[in-house]
Amino acid sequence: MKFKYTMKAIIQKKIEHVNRIAELLKSAKSFVVFEYSTMTAKAITALRRKVKTSANEMFVLKNNILKRAIKAAGIDGFDDEIKNQIAVVIGLEDAFLPIKAVHEYVTANEKVNFVCGYLENKKLSAAELNEIAVLPSRDELYSMFLSVLQAPVRKFMYALKAVADTKQQ
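For the sequence shown, the numbering used here begins at 2 and goes up steadily by one.
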């Protein structure tokens, strides 16, 4: 039986993989690490599709590779957190979409748990990730703000219309 790759080639591929993940982590606005062991393949595929719609990435990685990539990216404090079967969602364009996307699956499936995260150069615990996930999105905040701005004008217009209606009678 002949092996296709030598040990050096395998190690080189792993180093390239770690470097690729490290570059993504350096350029990321956020990333979320979660346990995926109880997710079905269908759920993982659906989550991966949802995350990729906004130019973000999802990887199922070995713990050692993720730890090395995080260390190579110059981020500290994650060595103790990364255990068990984990996956990472990296937010390249939208910092909050990965957190919200994973949170949907965390709430739908109680056996899936946040492990830790990273946002704006700060390590986040699972509790902090849950708090961030329930915040409204930017578009929702814009619509709330616009409705607050429109409310006084709308009330004034209704008052003018009521005055006009009473004068016509």
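By construction, the Cβ of each residue, glycine as well, lies at the ideal position given by its N, Cα and C atoms.
I need the straight-line Cα distance from Thr167 to Ser31, nearest angstrom please. When only Cα atoms are considered, Thr167 and Ser31 end up about 58 Å apart.
Kindly indicate which residue of Glu17, Val19, Phe35, Ile12 has the alpha-carbon position closest to the one of Val103. Phe35
Buried or exposed by the 16-neighbour rule on C-beta atoms within 10 Å, applied to Ile87: buried
Please state whether the Cβ-Cβ distance between Ser55 and Asp95 is less than 9 Å. Taking a C-beta distance under 9 Å as the contact criterion, Ser55 and Asp95 qualify as a contact pair.
Put Tyr37 into one of helix, strand or coil per three-state DSSP. Coil, per DSSP.
Which residues in the same chain as Asn131 place their Cβ atom closer than 6 Å to its Cβ, once the five residues preceding and following it in sequence are excluded? Listed in chain order, the non-local C-beta contacts of Asn131 below 6 Å within the same chain number zero, local neighbours out to five positions each way being set aside.
Beta-carbon gap between Ala74 and Glu105 smaller than 9 Å: no
With DSSP run on the structure shown, which of helix, strand or coil describes Ile91? In the structure shown, Ile91 sits in a strand (DSSP, three-state: E or B).
With a threshold of 6 Å on Cβ separation, who are the neighbours of Leu142 within its own chain once the five nearest residues in sequence on each side are excluded? none
Can you say whether Leu150 is buried or exposed, counting buried as having 16 or more other CB atoms within 10 angstroms of its CB? exposed
Val61: first and last residue of the uninterrupted alpha helix (DSSP H) it sits in: Here Val61 belongs to no alpha helix (DSSP H); instead the beta strand (DSSP E) covers 58-62.
Run through the DSSP bridge pairs and tell me what Leu125 is partnered with. As a beta-bridge residue in DSSP terms, Leu125 pairs with Gly118.
Please name the residue, chosen from Leu93, Asn64, Ile91, that lies closest to Phe79 on a Cα-to-Cα basis. Asn64
Checking 9 Å against the spacing of the C-beta atoms, do Ile83 and Ala29 come in under that value? Going by C-beta atoms, Ile83 is not nearer than 9 Å to Ala29.
In the DSSP assignment, find the unbroken alpha helix (DSSP H) run with Leu48 in it and report its ends. 42-53
Taking its Cβ as the centre, do 16 or more other Cβ atoms sit within 10 Å of Thr152, making it buried, or is it exposed? According to the sequence as given, residue 152 is Ala; it is not Thr. Classification of Ala152: exposed, given that the 10 Å Cβ count is below 16.
C-alpha distance - Met2 paired with Lys14, whole-angstrom precision: Residue placement at Met2 cannot be trusted, given a pLDDT of 49 that sits under 50; what the coordinates show is reported in the next sentence. C-alpha separation (whole angstroms): 22 Å.
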